[in-house]
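In the order they appear, the protein sequences are chains U and Y. Numbering (the numbering used here) for the first sequence: 1 to 466. Numbering (the numbering used here) for the second sequence: 1001 to 1466. Here a beta-carbon is modelled for each residue, glycine too, at the ideal position from N, C-alpha and C. Heads up, the thing below is written out as structure tokens.
There are 2 protein chains.
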Amino acid sequence: MTVKKSKDFDAWYNDIVERADLCDKRYPIKGMNVWRPYGWEVSLLIDALIREELKKTCHKEVCFPLLIPEKLFKKEADHIKGFDAQVYWVTHAGDNELEERLLLRPTSETAIYSMYHLWIRSHADLPLKTFQIVNTFRYETKMTKAFLRVREIHFFESHTCHRDFEDAERQIQEDLDIAKDFFKNLCLPYLLNKRPEWDKFAGAFYSIGIDVILPSKRVIQLGSIHQYKENFSRPFEITYEDEEGKHRYCHQTTYGMSERLLGATISIHGDDKGISLPPMIAPIQIIIIPIIFKGKEDRVQKKCHEVYDTIQDNGWRVHLDDRDITPGMKYYDWELKGVPLRVEIGPRDIEKKMVTVVRRDGKKIGVQEESILEGIEREMTDYSETLMKQAQSFTKDMIHRSETLMKGIEGIIEVPWCGNETCGLEMEEELDMKTLGTPIPPVECTGTCLRCGKKATTWVRLAHTY
Amino acid sequence: MTVKKSKDFDAWYNDIVERADLCDKRYPIKGMNVWRPYGWEVSLLIDALIREELKKTCHKEVCFPLLIPEKLFKKEADHIKGFDAQVYWVTHAGDNELEERLLLRPTSETAIYSMYHLWIRSHADLPLKTFQIVNTFRYETKMTKAFLRVREIHFFESHTCHRDFEDAERQIQEDLDIAKDFFKNLCLPYLLNKRPEWDKFAGAFYSIGIDVILPSKRVIQLGSIHQYKENFSRPFEITYEDEEGKHRYCHQTTYGMSERLLGATISIHGDDKGISLPPMIAPIQIIIIPIIFKGKEDRVQKKCHEVYDTIQDNGWRVHLDDRDITPGMKYYDWELKGVPLRVEIGPRDIEKKMVTVVRRDGKKIGVQEESILEGIEREMTDYSETLMKQAQSFTKDMIHRSETLMKGIEGIIEVPWCGNETCGLEMEEELDMKTLGTPIPPVECTGTCLRCGKKATTWVRLAHTY
């Protein structure tokens, strides 16, 4: 008996990540899972899309050491306060106690900025835009969950330096454009929320969360963008000489998204049959299945190989499943693993010079063999759009704008707010929800703050979160 | 004043890795360096070639956690003895002391085999072939050196399970074939040495070293292949049920190569002008440089862009350097960075419908513009072959077969040996060299052991090593 997503999302999720061969949670450290080949392939495809976006916008890829000396990490006071409870400490090497403790990066600001201090000399070195795709470590005390809350986290982090606040702000606009491009690949809608002061990133001037709503009706942050202003460049002495020979502090930003991208994609698009992968991140985009009846195998096999070649030559990731089991068992396997399109070829299809294309969402289409590439292209596009529309529709239904503090709302509540921290925290307490922040771009609000009754300056979003 | 390779190889190497923009050694932990964008690009190209080889031979890519619980690591007694002095220990997380210490992987046998124990059930699950490309950590006490001896090491490790010793031996043959294919990309000759008993990998039944000789005339191991027999499958209980329903232990092998590949490539091919990258791992394979004289800029720029498009459309990694500095300064930069081919285009070239192609090794050829792609193809191949031949010739000169224990030999000495450990260790001491091991494939030896005078069973190689 397998668990149904429609009945119990959490149980379904915990089950499906292993049954779809994405990860193995039995590794003997809680919250540190093994990426199985299929899951890791998806992850590498996501990395490749991120890399493409970041290279297109002239970010340079680097790789910094994992370990950070304690003193370096403690240079920015707020930053260390924010991460103090979450870091893993290396204290010994071999039989020796280290002179200085080293920590496993929970994020790389302090590692990278000690080098930026050396790399940046003049205005000609700016903007400096780098990123890395690495694993990061956080000692989570909450319940762990594959991809969504783990202690070794696969992620990218970009770090940029600019001559002034305005140029850093332009970077943040570029980051938002990257998100817009990138999330299409995952067929995922997202919300941009400017986090309230009391929940911004440790050391940030302000933080933007990239949030999605999962079927549990709870919100999860998939990524974040931070404006640091001079908060790090001052303690790390990252300065440049401007055209007039004056030394100035750089303004800095960061941008990061993690393997939660995969967790959210699985959560949102999956169904009772398994996961559903958007074509852009599917290791196998098309699975060919021979429908074989006794005595006619050769003709079907031959046709399957022909069609395989045609599809592969056109650049699709395609696989021919010629295992000696029934077609039904194959359907089951590949639906579980979320392959977007299935091509079935049997004797009757061959006679009619057709193939049968079945989408992961169940839509079944007969396609003329001679126009198979057009058919695949069309269905792949339409399937992607369908995934996106479904997710958008769910997200839209989950946002509830309200002029009263309605309790018991599932999803996100948007209420008028004066912007005052005390009012915000009181609303959080009353609703037993967390503040996501204010929408980006800002949405005009003419109401009055639901706590103090003063004129509202903005809508504010609250939700149950991960 | 820059350091000359011909004068002082070590100083040249330490200097060139930073000047060619490969890494930055100023990170505040000894032996943990920062991969700069150019170096990391080369490293990713090497990874891609490894990945291609391993996928072609049906290895599946996985990613295992970095941290290993102490108990798990200590399951195989020899293994832990071999690494005890080299591991970094995580003892605390946040403010808590961990109940069990965790170590940063120095290699992943113990992490992976705890899961193989769960993954393998039947003969149908075999062979199981996986690999990962990750960073590994070893607390080196010797002097560190960029890429060649570091404490955070970028590497791949493949781990395979087989039904019996013979199938594991076939895997090792496949590993040797992969090396043969792969090293062509780096234009590097290498020696295969079966390590003596006293220097095999911790836990191995036997070990093969993939060795190269650097210009320092010292030998460095770039990779290794290990036959484990049942040495790990017994403590980790990796068993399978055979066709008769009997439970048997798997036979296992591993294969690994590290960022030393890059270090050796730089060491061997570089010259006083900088590094020389083999085309397959060059981030920029062709650099186009406009030779501009006053007043004729437009025509040259236009032609450069045309040629750029032609070359890029053909799949080469090409860059057009249109910085506002002299051509000579550009030559200097790209020679330093080891770009294989330079294409110069000036007004006289345009008049003659020619371009000038200059190889990193100095060869200069005029090529008709209409046959530029053929010219590039030809010179790129010839340049690769030239690099390989030079390196082969150097390696050959460095191997000295001798029937006496000649002291003071530079490079490798090959002497007859009875195979006895005492004799081997005595020769090491007398020559003040390390035993590399016996050649693979074995080379017939008819002499007598230089220590005990008994009939030699094999040649044995000794050298100064890193």
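Bounding residues of the alpha helix (DSSP H) (the contiguous stretch that carries residue i)
i: residue 12/U; result: 9 to 19
i: residue 310/U; result: 297 to 313
i: residue 1347/Y; result: 1347 to 1351
i: residue 1176/Y; result: 1165 to 1186
i: residue 434/U; result: It is not in any alpha helix (DSSP H) - residue 434/U instead sits in the beta strand (DSSP E) that spans 434 to 439.
i: residue 1113/Y; result: 1109 to 1119
i: residue 1387/Y; result: 1372 to 1397
i: residue 1431/Y; result: 1421 to 1431
i: residue 72/U; result: 70 to 73
Extent of the continuous beta strand (DSSP E) to which residue i belongs
i: residue 1211/Y; result: 1206 to 1213
i: residue 85/U; result: Here residue 85/U belongs to no beta strand (DSSP E), and DSSP marks it neither H nor E.
i: residue 1227/Y; result: 1219 to 1229
i: residue 1462/Y; result: 1458 to 1463
i: residue 1051/Y; result: Residue 1051/Y -> not in any beta strand (DSSP E); alpha helix (DSSP H) instead, spanning 1037 to 1056.
i: residue 1366/Y; result: 1364 to 1368
i: residue 320/U; result: 318 to 320
Residue i (DSSP reduced to helix, strand or coil)
i: residue 1239/Y; result: strand
i: residue 259/U; result: coil
i: residue 328/U; result: helix
i: residue 449/U; result: coil
i: residue 293/U; result: coil
i: residue 493/U; result: Limits of chain U in this structure are 1 at one end and 466 at the other, which puts residue 493/U out of reach.
i: residue 59/U; result: coil
i: residue 1254/Y; result: strand
i: residue 361/U; result: coil
i: residue 1336/Y; result: helix
i: residue 265/U; result: helix
Residue(s) in a DSSP beta bridge with residue i
i: residue 1137/Y; result: 1152/Y
i: residue 1192/Y; result: 1210/Y
i: residue 1096/Y; result: 1093/Y
i: residue 415/U; result: 460/U
i: residue 1132/Y; result: 1157/Y
i: residue 344/U; result: 289/U, 356/U
i: residue 1145/Y; result: 1149/Y
i: residue 1249/Y; result: 1239/Y
i: residue 274/U; result: 271/U
i: residue 1401/Y; result: 1414/Y
i: residue 125/U; result: Beta-bridge pairing links residue 125/U to no other residue.
i: residue 34/U; result: 24/U
i: residue 1102/Y; result: 1069/Y, 1090/Y
i: residue 162/U; result: 251/U
Discussion item. To be precise: take each residue of the stretch 1032 to 1064 of chain Y, compare its Cβ to all Cβ atoms of chain U, and keep it if any distance is under 8 Å. Which residues remain?
Written reply: 1032, 1033, 1034, 1035, 1036, 1037, 1040, 1041, 1043, 1044, 1060, 1061, 1062, 1063, 1064
Discussion item. With three or more C-beta pairs closer than 8 Å as the rule, is the stretch 337 to 356 of chain U touching the stretch 368 to 379 of chain U?
Written reply: yes
Worksheet item: Can you find at least 3 beta carbon pairs, one from the stretch 1196 to 1216 of chain Y and one from the stretch 1434 to 1449 of chain Y, that sit closer than 8 Å?
Response: yes
Worksheet item: Which residues, taken in chain order from the stretch 1074 to 1095 of chain Y, show a beta carbon closer than 8 Å to some beta carbon of chain U?
Response: 1084, 1085, 1086, 1087, 1088, 1089, 1090, 1091, 1092, 1093, 1094, 1095
Item to complete: Decide if the stretch 269 to 277 of chain U is in contact with the stretch 6 to 18 of chain U; the criterion is three or more beta carbon pairs, one per stretch, under 8 Å apart.
Response: By the Cβ test, the stretch 269 to 277 of chain U is in contact with the stretch 6 to 18 of chain U, since at least three Cβ pairs between them sit closer than 8 Å.
Worksheet item: Taking any Cβ of chain U, which residues in the stretch 1256 to 1271 of chain Y have a Cβ under 8 Å from it, in chain order?
Response: Result list empty, no residue passes.
Item to complete: Inspect the CB distances between the stretch 1251 to 1269 of chain Y and the stretch 1285 to 1292 of chain Y and report whether three or more fall short of 8 Å.
Response: no
Worksheet entry | Interface positions of the stretch 1011 to 1030 of chain Y facing chain U (Cβ-Cβ less than 8 Å), listed along the chain | 1024, 1026, 1027, 1028, 1029
Worksheet entry | Interfacial residues, the stretch 150 to 182 of chain U to chain Y, with Cβ spacing under 8 Å | From the stretch 150 to 182 of chain U, only 152, 154 have a Cβ closer than 8 Å to chain Y.
Discussion item. Check whether the stretch 1313 to 1325 of chain Y and the stretch 1235 to 1243 of chain Y are in contact - that is, three or more C-beta pairs closer than 8 Å.
Written reply: Counting Cβ pairs under 8 Å, fewer than three are found: no touch.
Item to complete: Using a Cβ-Cβ cut-off of less than 9 Å, list which residues of the stretch 104 to 124 of chain U approach chain Y; keep chain order.
Response: Flagged, chain order: 104, 111, 112, 114, 115, 118, 119.
Discussion item. Closer than 7 Å between beta carbons: that is the criterion. Which residues of the stretch 1278 to 1309 of chain Y meet it against chain U?
Written reply: none
Worksheet item: Are the stretch 109 to 116 of chain U and the stretch 59 to 69 of chain U in contact at 8 Å, needing three or more beta carbon pairs?
Response: These segments touch.
Worksheet item: Is there contact here, the stretch 1454 to 1461 of chain Y with the stretch 1439 to 1446 of chain Y, by at least three beta-carbon pairs under 8 Å?
Response: yes
Discussion item. Count Cβ pairs between the stretch 127 to 139 of chain U and the stretch 70 to 87 of chain U that sit closer than 8 Å; are there 3 or more?
Written reply: yes
Fill in: Given 8 Å, three or more beta-carbon pairs between the stretch 1415 to 1435 of chain Y and the stretch 1175 to 1190 of chain Y
no
Worksheet item: Does the stretch 311 to 322 of chain U come within contact of the stretch 243 to 259 of chain U, defined as at least 3 CB pairs closer than 8 Å?
Response: no
Discussion item. Contact between the stretch 331 to 351 of chain U and the stretch 369 to 384 of chain U is defined here as three or more beta-carbon pairs at a separation below 8 Å; is this criterion met?
Written reply: Output reads yes: the stretch 369 to 384 of chain U touches the stretch 331 to 351 of chain U.
Worksheet item: Along the stretch 1183 to 1217 of chain Y, what residues have a CB closer than 9 Å to any CB found in chain U?
Response: none
Item to complete: Would you list, in chain order, the members of the stretch 134 to 145 of chain U that have their beta-carbon closer than 7 Å to a beta-carbon of chain Y?
Response: Of all residues in the stretch 134 to 145 of chain U, only 135, 139 come within less than 7 Å of chain Y when Cβ atoms are compared, listed by chain position.
Worksheet item: Counting pairs of beta carbons, one from the stretch 393 to 413 of chain U and one from the stretch 157 to 173 of chain U, are three or more of them closer than 8 Å?
Response: Because the criterion of three Cβ pairs below 8 Å is not met, the stretch 393 to 413 of chain U and the stretch 157 to 173 of chain U do not touch.
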